[in-house]
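Student:
Residue numbers (our numbering): 363 to 428.
In structure tokens, the structure reads:
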């Protein structure tokens, strides 16, 4: 699931994000959402979030619960 809709993302959710420094390579970083930084309901490149470890990036994927 992609991370373009703000309604799909909430604190405590496990996600893969693309950090600013990794935008060219597309390298993903996995973590747990601490808070949402994008106020818009939709963003074409992904909702910007801060992970619990303090890293900031745009959500590329929402990790599915098994």
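Don't be surprised by glycine CBs; every beta carbon is placed ideally from N, CA and C.
Determine which residues share a DSSP beta bridge with residue 395 and list them.
Tutor: Partner(s): 413.
Student: Residue 377 to residue 420, Cα distance in whole Å?
Tutor: Roughly 10 Å separates the two Cα atoms.
Student: Buried or exposed: where does residue 395 fall if 16 or more other Cβ atoms within 10 Å of its Cβ makes it buried?
Tutor: So residue 395 ends up on the buried side.
Student: If you run the structure through DSSP and keep just helix, strand and coil, what is residue 386?
Tutor: Three-state DSSP puts residue 386 in coil, outside helix and strand.
Student: Go ahead and label residue 399 buried or exposed: buried means 16 or more other beta carbons lie within 10 angstroms of its beta carbon, across all protein chains shown.
Tutor: Answer is exposed; the Cβ neighbour count stays below 16.
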